[in-house]
Amino acid sequence: MEAENAGAERIVRFGVIGVGGMGQAHCKGLAKVAEARLAAVCDADPATAEQVGQTYGVPHFTTVRALLRARLCDAVLVATPHPLHGPTVRAAFRAGLHVLCEKPLSDRIGEAERMVAEAYTAKRSFGVMFQRRTEPVFVKALELVRTGAIGRVYRTAMVSPEYRTQAYYDSASWRATWRGEGGGVLMNQAPHVMDLFIAIGGMPCEVYGRTETRLHRIEVEDLAEALLTYPDGGSGYLYCSTNEPPPGQMIEVFGDRGKLTWRDGQLRLVRYEPSVSDFTRESKGMWDKPNALEEPLVLPEGESGHHIVLRNFARHLLGFEPLLVPAEEGLKSLEVANAVWLSAHLRKPVKLPINRRAYDRFLALKRKASKEKQVVGATIRQTDPRHNV
Ligand SMILES: NC(=O)c1ccc[n+]([C@@H]2O[C@H](COP(=O)([O-])OP(=O)(O)OC[C@H]3O[C@@H](n4cnc5c(N)ncnc54)[C@H](O)[C@@H]3O)[C@@H](O)[C@H]2O)c1
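If you're matching positions, the sequence shown starts at 192 in this note's numbering and goes up one per residue.
Right, dumping it as structure tokens:
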């Protein structure tokens with residue numbers, strides 16, 4: 192890797208492509224990473240590109256091509272609207288750069304798979320920004336899953352209220368349109384919790400979905416739900432919506448050895464000893480119940496947030512750490528999101544992996560019918576102020 196030498200330390204030079212709300216937050220976050228520095232920015236909006244370039248004292252570009260040609264970067268962080276991730280990421284690989292891409296990888300699974308394949312061909316590193324995996328509760332939850340605390344999964348549930356106002360949707364022409372975003376809550380707000388839900392509970396093999404637009408004036412869904420079936424017979428339910436305010440974010444996974452529940456930031460583990468299947472088979476008592484032992488959980492210490500993923504990506508490129516969230520992981524939540532929509536469209540359950548061509552055809556129809564959205568007043572490029580950057 193051609194990282195520059197700053198004194199004795201090697202530094203990864205990052206370009207940020209798409210310096211709207213999230214991209215600007217990443218420019219700020221890079222300042223917290225000793226192993227990285229911001230080397231250039233790019234935005235299709237010339238005024239935004241110039242303003243952010245001046246703020247950080249780095250060259251700015253208005254096309255991806257110009258940024259790549261300048262050869263100022265070792266890696267790029269892509270934070271444009273999601274349907275543009277694919278062409279941008281692939282161009283970066285072809286230019287020999289490593290890529291950290293914002294979630295979702297793309298608006299469609301077939302395209303995201305091609306991006307991952309291109310990373311392999313180009314022998315470049317490819318990560319996805321799922322920063323919630325750095326939160327201590329999820330570091331702990333994933334460790335518990337890895338060490339077999341849940342056992343064979345019988346039931347899962349995900350409830351993800353992701354409240355947004357109409358003003359949020361009206362802030363930019365790409366938001367909540369099929370053409371600009373490729374979906375609604377499934378595509379933009381739910382991917383983080385969906386990613387964690389799948390990492391904890393596993394990947395379903397069948398999805399029966401339903402979508403609705405209830406409280407917002409938008410052409411995509413502000414509510415989606417689905418019944419899930421798992422390969423070994425378990426079942427589950429997922430729900431996400433931008434209509435419902437907090438509290439209530441929840442993931443629950445019930446397995447043969449334990450029940451793991453995350454609700455509004457609190458993680459609980461109940462262990463069953465003996466396992467539920469052994470107890471059910473062997474207990475002689477008519478009204479007996481398995482021992483459910485609540486385990487006090489000690490959470491790991493450490494920082495969390497976007498800059499931790501940035502730091503990990505830089506340290507990975509320098510050979511110090513494995514990638515925290517490789518892009519392949521980003522395929523799973525996108526596959527399920529696409530499956531919910533395809534199933535809702537077909538009005539019947541769909542098997543996973545879904546038919547890529549069928550989804551592309553569905554999305555092409557939606558994009559064709561998608562209406563140009565007028566923004567009242569100026570476009571607003573601002574990310575959620577609660578992001579820890
Ligand atoms: N990880 C997170 O927590 C998180 C949070 C917010 C957004 N995001 C993701 O970041 C991405 C951007 O979202 P946002 O909220 O910052 O949107 P935004 O509208 O604030 O910013 C997008 C920027 O991309 C620019 N752009 C559009 N087309 C471009 C092109 N061809 N080349 C270069 N720049 C281009 C726009 O001018 C704009 O400045 C989305 O994929 C979103 O899902 C992730």
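Glycine included, C-beta positions come from ideal geometry on N, C-alpha and C.
With DSSP run on the structure shown, which of helix, strand or coil describes residue i?
i, result
"Tyr345", "strand"
"Val280", "helix"
"His407", "coil"
"Asn503", "helix"
"His591", "The shown model of the chain, from 192 to 580, leaves out residue 591, and the question about it has no answer."
"Leu543", "coil"
"Gly198", "Note that Gly198 has pLDDT 49, beneath the 50 cutoff, so the model's placement of it is unreliable and no number is given."
"Val489", "coil"
"Leu288", "coil"
"Gly371", "helix"
"Ile208", "strand"
"Leu484", "strand"
"Glu563", "coil"
"Phe511", "coil"
"Glu334", "helix"
"Leu203", "Position check: residue 203 holds Val in this sequence, whereas Leu was assumed. Three-state DSSP puts Val203 in a strand."
"Gly393", "coil"
Check for me: the alpha helix (DSSP H) holding residue i runs from which residue to which?
i, result
"Leu525", "518-537"
"Tyr359", "357-360"
"Tyr247", "237-247"
"Gly318", "Here Gly318 belongs to no alpha helix (DSSP H); instead the beta strand (DSSP E) covers 317-320."
"Leu377", "Counting along the chain, Leu377 falls outside any alpha helix (DSSP H), and DSSP gives it neither H nor E."
"Ala303", "300-313"
"Arg323", "Here Arg323 belongs to no alpha helix (DSSP H), and DSSP marks it neither H nor E."
"Asp469", "467-473"
"Ala261", "From DSSP, Ala261 is part of no alpha helix (DSSP H); its letter is neither H nor E."
Hey, is residue i close to ligand 1, as in C-beta under 8 Å from one of its heavy atoms?
i, result
"Met320", "yes"
"Asp234", "yes"
"Glu326", "no"
"Arg459", "no"
"Val566", "no"
"Ala270", "yes"
"Thr420", "no"
"Gln573", "yes"
"Met213", "yes"
"Lys294", "yes"
"Gly374", "no"
"Ile499", "no"
"Thr570", "yes"
"Ala303", "no"
"Asn434", "no"
"Asn379", "yes"
"Trp365", "yes"
"Ile208", "yes"
"Val307", "no"
"Val290", "no"
"His536", "no"
"Thr239", "yes"
Which one or two residues does DSSP pair with residue i in a beta bridge?
i, result
"Trp453", "Ile442, Leu458"
"Pro352", "Ser432"
"Thr402", "Ala415"
"Gly427", "Thr347, Leu419"
"His251", "Val232"
"Tyr463", "Ala483"
Can you find a heavy atom of ligand 3 that lies under 8 Å from the Cβ of residue i?
i, result
"Leu275", "For ligand 3, the structure offers nothing, since it holds only ligand 1."
Does the Cβ of residue i have 16 or more other Cβ atoms within 10 Å, making it buried, or fewer, making it exposed?
i, result
"Ala483", "exposed"
"Gly521", "buried"
"Ser474", "exposed"
"Arg256", "exposed"
"Ala560", "exposed"
"Thr325", "buried"
"Glu486", "exposed"
"Pro382", "buried"
"Trp478", "exposed"
"Lys539", "exposed"
"Lys557", "buried"
"Pro581", "Outside the shown range of the chain, which is 192 to 580, sits residue 581, and nothing can be said about it."
"Gly198", "Unreliable placement is indicated for Gly198, whose pLDDT of 49 sits below 50; the coordinate value is still reported in the next sentence. Exposed: under 16 other Cβ atoms inside 10 Å."
Looking at chain B, is there any beta carbon in it that lies within less than 9 Å of the beta carbon of residue i?
i, result
"Ala358", "As a matter of chain content, chain B is missing from the structure shown, which is built from one protein chain."
Could you tell me the boundaries of the beta strand (DSSP E) in which residue i lies?
i, result
"Leu268", "266-269"
"Val232", "227-233"
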